[in-house]
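Student:
There are 2 protein chains.
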Amino acid sequence: MPGKPLALDDIDHRLLAELQADADRTLRDLGELVGLSPSAVLRRVEGYKAGGLLERKVAVLDTSQVPDLVLAVCLVTVERQTPEHRRAFCDLLKRTPQVQQVYDVSGVWDYVVILAAHGLPEVRELAERLFEADENVRKLTTLFVLDPVKTGCAVPTRPMEA
Amino acid sequence: MPGKPLALDDIDHRLLAELQADADRTLRDLGELVGLSPSAVLRRVEGYKAGGLLERKVAVLDTSQVPDLVLAVCLVTVERQTPEHRRAFCDLLKRTPQVQQVYDVSGVWDYVVILAAHGLPEVRELAERLFEADENVRKLTTLFVLDPVKTGCAVPTRPMEA
DNA sequence: CTGCGAGCGCAAAATTATTGCATGCCCGGG
DNA sequence: CCCGGGCATGCAATAATTTTGCGCTCGCAG
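As given, the protein sequences belong to chains U and R, one line each in that order.
Just so we're aligned, residue 0 is where the first sequence starts under numbering that gives the first Met the number 0, counting upward by one.
Just so we're aligned, residue 0 is where the second sequence starts under numbering that gives the first Met the number 0, counting upward by one.
(1) Quick check: the Cα distance between R/LEU162 and R/SER38, rounded to an integer number of angstroms?
(2) What separation, rounded to the nearest whole angstrom, lies between the Cα atoms of U/ASP109 and U/ALA49?
(3) May I have the straight-line CA-CA distance separating U/ASP28 from U/ARG79, to the nearest angstrom?
(4) If we ignore side chains and look at the alpha-carbon of each, how far apart do U/PHE88 and U/GLY30 end up?
(5) Mapping DSSP to helix, strand and coil, what is U/CYS73?
(6) Could you give the distance in angstroms between the alpha-carbon of R/ALA16 and the alpha-carbon of U/LEU145?
(7) Using 8 angstroms as the limit for Cβ to Cβ distance, is R/ALA132 near chain U?
(8) Suppose the cutoff is 6 angstroms on Cβ atoms and the five residues either side in sequence are ignored; what does the same chain contact list for R/VAL72 look like?
(9) Leaving out five residues before and five after U/ASP61 in sequence, what residues of the same chain have Cβ atoms less than 8 angstroms from its Cβ?
(10) Determine whether the Cβ of U/HIS117 lies closer than 8 angstroms to any Cβ atom of chain R.
(11) For U/LYS149, list the residues DSSP reports as bridge partners.
(12) Should U/ASP9 be labelled buried (16 or more other beta-carbon atoms within 10 Å of its own) or exposed?
(13) Tell whether a beta-carbon distance below 8 angstroms holds between R/GLN99 and U/ALA153.
(14) Tell me whether R/PRO155 is buried or exposed, calling it buried when 16 or more other Cβ atoms sit within 10 Å of its Cβ.
(15) Taking the alpha-carbon of U/PRO82 as reference, which of U/ARG94, U/ASN135 and U/GLY34 has the nearest alpha-carbon?
(16) Assuming R/LEU53 contacts U/ALA58 under a Cβ cut-off of 8 angstroms, what Cβ separation, rounded to an integer in Å, is found between them?
(17) What are the uninterrupted segments assigned as alpha helix (DSSP H) that are 4 or more residues long and contained completely in the region 5 to 30 of chain U, given in chain order?
(18) Distance check for R/GLN97 and R/ARG55, CA to CA, integer angstroms please.
(19) Among residues of its own chain, excluding the 5 on either side of R/SER36, which ones have a beta-carbon nearer than 8 angstroms to its beta-carbon?
(20) Do the CB positions of U/LEU68 and U/HIS12 come within less than 8 angstroms of each other?
(21) What separation, rounded to the nearest whole angstrom, lies between the Cα atoms of R/LEU91 and R/GLU121?
(22) Need the endpoints of the beta strand (DSSP E) that R/GLU45 sits in, please.
(23) If contacts are defined as beta-carbon pairs under 8 angstroms, then R/VAL75 and R/LEU139 qualify, I think. What distance do you get, rounded to the angstrom?
(24) Roughly how many angstroms lie between the CA atoms of U/ARG157 and U/GLU127, to the nearest whole one?
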């Protein structure tokens, strides 16, 4: 359960931006970057974790170094959106390692799913297992990624300055 | 420049999976997890970095904790794909913090772009600045994210077992 | 059979992350 | 205007973790 005071100052914003860009630095380095002592940085970071803002730290691999890796963007339209179906559908996607991201969206499509598989055959198999086998999925459009121009999950913590 | 021997064994795969799930663990913990001493784990991880497989470690924030954060998936179709335009277009996207991901895709659309902005106005402004202002962008479809069901950048390092 | 080369565990050494503590600052209430 | 109390910080001591050196074992090729 989130819900915390959440009052970030300029240093917090800079710290979060740095951590999202590269979380593999020492507290001392981060401290110098934002003008704070190592212990102060640690206490802030611990605060983010405790408050749930900072979810976790993860390693990011270079997709081009993984042999045969194929990325695909799937646009999915379902028949009817029942709560039960939605839960089952999302749970399956969450449990599937090859499913990188899932977004419930508004508009003509209902879901945008990003897959990361090994070779086209695996993409096809996933598409069948996850979508075509689902009675409730009406339409599926798969866009193959030719080039992952930019990747990451960083989000700006404050509005644009301009 | 990548290009390395790249011969991963079972332990490497498990280690990479663990690091992609949570990179904030000690070498000792990781070692116990895969059955290796801390120093052996370190040497492997250093190897991934040196080979370029492991790009970096990043902090992941809980998007629901960032006030007013709006995610959107943009499907972009361009007029003509010239190398110059492509470079300029991609560079601009790479330099824009609110642009989380960019995929060059095959099919009816040319690019899939994921935006993370503060409030709808910012999304609109970004859409104008990044796409509508570009003479070469012919069509833009924006899908607003109602719920980020699953997020992350983890990729499987080996084919499905089944 | 013998000579590498790769990778490992162990233990020492170097760095870092953590914790305790006293101080300075900002506010709200005498 | 002066007086706490809460809060965040720096510093220094302490606890851990990371990093390095070294000797050993295993698999393979000469």
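Beta carbons: idealized from backbone N, C-alpha and C, even for Gly.
Tutor: From the atom records:
(1) With chain R covering only 0 through 161, there is no way to say anything about residue 162 of chain R.
(2) 33 angstroms
(3) 52 angstroms
(4) 44 angstroms
(5) strand
(6) 24 angstroms
(7) no
(8) ILE113 and LEU142
(9) none
(10) yes
(11) R/VAL101
(12) exposed
(13) yes
(14) buried
(15) U/ASN135
(16) 6 angstroms
(17) 9 to 20
(18) 20 angstroms
(19) GLY30
(20) no
(21) 17 angstroms
(22) Here R/GLU45 belongs to no beta strand (DSSP E); instead the alpha helix (DSSP H) covers 37 to 50.
(23) 6 angstroms
(24) 40 angstroms
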